[in-house]
Amino acid sequence: MLVPTRVKRRKQHRPSLKGKALRGNKITYGEYGLMATESAWITNRQIEAARIAMTRYIRRGGKVWIKIFPDRPITAKPAETRMGSGKGTPEYWVAVVKPGRVMFELAGVPEEVAREALRLAAHKLPIKCKFVVKKDLDGEQVGGGANGEE
Numbered sequence: 098m099l100v101p102t103r104v105k106r107r108k109q110h111r112p113s114l115k116g117k118a119l120r121g122n123k124i125t126y127g128e129y130g131l132m133a134t135e136s137a138w139i140t141n142r143q144i145e146a147a148r149i150a151m152t153r154y155i156r157r158g159g160k161v162w163i164k165i166f167p168d169r170p171i172t173a174k175p176a177e178t179r180m181g182s183g184k185g186t187p188e189y190w191v192a193v194v195k196p197g198r199v200m201f202e203l204a205g206v207p208e209e210v211a212r213e214a215l216r217l218a219a220h221k222l223p224i225k226c227k228f229v230v231k232k233d234l235d236g237e238q239v240g241g242g243a244n245g246e247e
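Sequential numbering of the sequence shown, starting at 98, is according to the numbering used here.
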């Protein structure tokens, strides 16, 4: 599971889901990516489930990058506890994902394999996602002209 090894403070304020991703919205390492189209808290278990789904599908080919990390603790109080008496204990960790954030990247596999692997990973996440290609995000022309020129 992905959890921080050391944190400055055990309990933090609840993270905001407003706005869109200003950083992490480009494909930096791989050729293909999975981009969030909604905002949500993604737990460490969901990230791990998506990673396993991807790596099982691509088997030994290709490389996977996880570009989100669950660094925010979410606290909860025990069931049937009266109001008050302080903030609850940290229960799990989340990564705050906003629209436009590239969460996973793949390289070294054909586009059809990458598309299916990232589709399987998207099913493990609680938000809508879309498949993106690096050359599309960089603003380059995707298809060639009539003579095959760029």
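Ideal placement from N, C-alpha and C gives every residue a C-beta, glycine not left out. What you are looking at is a predicted structure, and each value in this text was computed from that prediction instead of being measured.
**Prompt:** Per DSSP, what kind of secondary structure is residue 238 in: helix, strand or coil?
**Reply:** Note on residue 238: pLDDT 44, under 50, position unreliable in the model; no value is reported.
**Request:** From the DSSP output, in three-state form, read off residue 245 for me.
**Result:** Any reading at residue 245 must be qualified, since the residue scores a pLDDT of 47, below 50, and its modelled position is unreliable; no value is offered.
**Message:** Let me check understanding here. Comparing Cα to Cα, which of 139, 104, 136, 162 lies closest to residue 214?
**Reply:** 162
**Asked** Grouping DSSP H, G and I as helix and E and B as strand, with all else coil, what is residue 152?
**Response** helix
**Asked** Exposed or buried, residue 125, counting other C-beta atoms within 10 Å across all chains shown (16 or more means buried)?
**Response** exposed
**Rounded straight-line distance, which links the Cα of residue 104 to that of residue 187** = 12 Å
**Item:** Where residue 206 falls: helix, strand or coil (DSSP)
**Value:** coil
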